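Asker: Protein chains in written order, with the numbering used here: chain W, 1 to 142; chain U, 143 to 284. For glycine and all other residues, C-beta sits at the position ideal for the given N, C-alpha and C. Note that this is a predicted model, so its numbers are computed, not measured.
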DNA sequence: GTCTTCAGTCGGAATCATTCCGATTTAAAT
DNA sequence: ATTTAAATCGGAATGATTCCGACTGAAGAC
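(1) Checking 8 Å against the spacing of the C-beta atoms, do residue 54 of chain W and residue 42 of chain W come in under that value?
(2) Specify the secondary structure class of residue 134 of chain W as computed by DSSP and reduced to three states.
(3) Would you check if the segment 101-110 of chain W and the segment 47-64 of chain W touch, i.e. whether three or more CB-CB distances between them fall below 8 Å?
(4) Check the Cβ of residue 265 of chain U against every Cβ in chain W and list those closer than 9 Å, keeping chain order.
(5) Given this structure, state the Cα-to-Cα distance separating residue 9 of chain W from residue 64 of chain W, to the nearest angstrom.
(6) Anything in chain W within Cβ reach of residue 178 of chain U, meaning under 9 Å, just list it in chain order.
(7) Does residue 103 of chain W get closer than 8 Å to chain U when you measure Cβ to Cβ?
(8) If you compare alpha carbons, which of U/162, U/147, U/161 is closest to residue 155 of chain U?
(9) Is the separation between the beta-carbon of residue 24 of chain W and that of residue 7 of chain W shorter than 8 Å?
(10) Any idea if residue 262 of chain U is buried or exposed, counting beta-carbon neighbours within 10 angstroms, 16 or more meaning buried?
(11) Return helix, strand or coil for residue 142 of chain W, following the three-state DSSP convention.
(12) By the criterion of Cβ-Cβ separation under 8 Å, what are the contact partners of residue 250 of chain U in chain W?
(13) So, for residue 35 of chain W: in the same chain, excluding its five sequence neighbours on each side, which residues have a beta-carbon less than 6 Å away from its beta-carbon?
(14) Cutting at 8 Å between CB atoms, please list the residues of its own chain near residue 284 of chain U, excluding the five before and the five after it.
(15) Could you name the residues of the same chain whose beta carbon sits closer than 7 Å to that of residue 158 of chain U, not counting the 5 residues immediately before and after it, in chain order?
(16) Per the DSSP calculation, residue 266 of chain U is bridged to which residue(s)?
(17) Give, in chain order, every residue of the segment 71-88 of chain W whose Cβ lies closer than 7 Å to some Cβ of chain U.
(18) Over the uninterrupted beta strand (DSSP E) stretch that includes residue 104 of chain W, give me the two end residues.
(19) How about residue 279 of chain U: is its C-beta nearer than 8 Å to some C-beta of chain W?
(20) According to DSSP, which residues form a beta bridge with residue 97 of chain W?
(21) Starting from residue 23 of chain W, find everything on chain U with Cβ-Cβ shorter than 9 Å and list it in chain order.
(22) Closest to residue 268 of chain U by CA distance: which of W/97, W/59, W/74, W/58 is it?
(23) What are the start and end residues of the beta strand (DSSP E) that includes residue 214 of chain U?
(24) Specify, as a first and last residue, the run of the beta strand (DSSP E) that residue 223 of chain U falls within.
(25) Rounded to the nearest angstrom, what separates residue 245 of chain U and residue 227 of chain U at their Cα positions?
(26) Is there a C-beta anywhere in chain W that falls below 8 Å from the one on residue 210 of chain U?
(27) By the DSSP assignment, the alpha helix (DSSP H) with residue 147 of chain U in it spans what residues?
(28) Residue 233 of chain U to residue 221 of chain U, Cα distance in whole Å?
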């Protein structure tokens, strides 16, 4: 997913392309592996555009998520995080440092069978493993 | 999971068995298929023990979860929910009525391979499908 | 290029589930 | 019966997120 692709997607969806949105897209892409949250995006964005408002960051992320440009990872104990990788995958979430690692899903769930059995129609998925990343395991041993 | 089993588990963990904890266990078991949240447990509990405090409900659920008696399902948009079914399964979460349905996981993830590849050690899992349950699909069509 | 309009932006206040606090009570071991 | 650490209580604090009304500017029409 490139900067230009995302801006094009905005245009397709009829959303306006503003400097704030370009900025937030940039931060999202640069910090992609970190799966940044609103506060990091706000802090990083404010460095480059001091007038940026936190409300705008939230509104923008909400719009992007609603339009399917990004995926919101919701948490209770920690702030929500946002990811640009929309391929089906498992998120490995470190309970110590909060790092989030993508892991390709070898999951096989027959959704037709699921719907037949339960009457439930799947719209979106959320697959997460919580534990400790390599670095944090090392720190614990030491 | 029966009432007696859970109380026994409390004893094993060195936790005190109080009337409030018995009460919360009862509500958890009775409302198990609904995967109740703190407010429902509080409301239901207060009917039977008017002196019950919301703080106690939260503290108790937190302790139970910490000791592995129950599993906390954390959400951002809606209040957290608690489940007694500790078998690995997918939670089907209706985005309209909030109902949560258990679905057995035919997932196959080789955790040894996962750890080898990523260095990540899995502690707990969270598998969720969001969508619409049978009843809510019917209402939409009508 | 100018005009127009509505989506987008802004800062601050409000929200609300959850956590924290210090005082009181009580389960259960001695 | 006594002791004590754990549990409970109500109310205040927290903090990420949402809401609000006023202002601004992107982009389509002319």
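Answerer: Quick look at the numbers:
(1) yes
(2) helix
(3) no
(4) 95, 129, 130, 131, 132
(5) 10 Å
(6) Within chain W, no residue comes near residue 178 of chain U; the closest Cβ sits about 16 Å away, beyond 9 Å.
(7) yes
(8) U/147
(9) no
(10) buried
(11) Residue placement at residue 142 of chain W cannot be trusted, given a pLDDT of 44 that sits under 50; the coordinates are not used to answer.
(12) 106, 107, 108
(13) 81, 83, 100
(14) The pLDDT assigned to residue 284 of chain U is 44, lower than 50, so where the model puts this residue is not dependable, and the model offers no usable value.
(15) none
(16) W/130
(17) 74, 75, 76, 77, 80
(18) 100-104
(19) yes
(20) In DSSP, residue 97 of chain W forms no bridge with anything.
(21) Result: empty, since nearest Cβ-Cβ is about 24 Å, beyond 9 Å.
(22) W/74
(23) 213-215
(24) 223-225
(25) 11 Å
(26) no
(27) 145-154
(28) 16 Å
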